[in-house]
């Protein structure tokens, strides 16, 4: 769930050393893909950019692409001392370069409000689809919800700014088309906030399921109480994944329902929803979830030690 806050201004970050400006500001098509990727997901690890855009090349070559863009002032990197990770994100220069390639925006913007939250959103929302991208799986990110007018939203999501989840996914399965909402909760919010959110989901007929990534059981119980307060009698509509389990196991993390009953793993659930095309894309990946690329903490990957 996204809060309205000021852009991320945490000063507890390691600032990169001053460096020479890159020789050329010419942008390749791949450079533009990187900038669009960082705008859409707000922040990203080197490993995530590599997996999404440049995995036919070496990991170190992906780092060098990012390094060149940083030297030219299109993107920047920061290190979070508390959680010990690097992320990349756009600068104002990078945003205004790609803005002309975006449809008319209702609101300009590109900054992350919380780097840790947003990298978890990317891991939860985009997940393993980063490795096996398909035209049958479509994403509508919180960035897009915020920046576009509701009239420009796709038909498969609620055309409302009453509530913005952390992302929507459309899966065109063999038997049915599914709209899934994703929420990342790192702390417990006021009951009134959850009641408002539950009212939104209660009446959002286009949404087939809501996935909550929760940091603790107290947060889950607060959400379930709010659901009862608005007289929402749905079952297996709101489902929950434990953050610790997800960090460790990715899509092999367990989903539980409102009664704390095990429903599926995320992998089993996505396979059931998708049907045959999932198996054709991903095969059997149990125990080797690529969700970890989004949470990779390193800035430089694949550099030779010689």
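Residue numbers (the working numbering): 6 to 311. Where a beta carbon is used, it is the ideal one built from N, C-alpha and C, also for glycine. In this text, all values refer to a predicted model and were calculated from it rather than measured experimentally.
Residue 174 is not a Cβ neighbour of residue 213, given a cutoff of 8 Å. Residue burial annotation: residue 133 is buried, with at least 16 other C-beta atoms found within 10 angstroms of its C-beta.
For residue 200 against residue 235, the beta-carbon gap comes to about 6 Å, under 8 Å, which counts as contact. Put simply, the backbone Cα of residue 220 is about 26 Å away from that of residue 136.
Looking at the DSSP output, residue 186 sits in a beta bridge with 173 and 215.
When the beta-carbon positions are compared, residue 306 and residue 55 come within less than 8 Å of each other. Following the DSSP letters along the chain, one finds residue 295 in no beta strand (DSSP E), marked with neither H nor E. The DSSP assignment places 222-234 and 248-254 as complete runs of the alpha helix (DSSP H) inside the segment 209-255, in order along the chain (cut-off: 4 residues). When the alpha-carbon of residue 123 is set against those of 261, 171, 229 and 274, the nearest one is in 171. Under the Cβ criterion (8 Å, minimum of three pairs), the segment 34-53 counts as touching the segment 100-115. In this structure the segment 95-104 does not lie against the segment 259-271, because fewer than three pairs of beta carbons, one per stretch, are closer than 8 Å. The beta carbon of residue 276 is closer than 6 Å to those of 283 in its chain, skipping five residues each way along the sequence.
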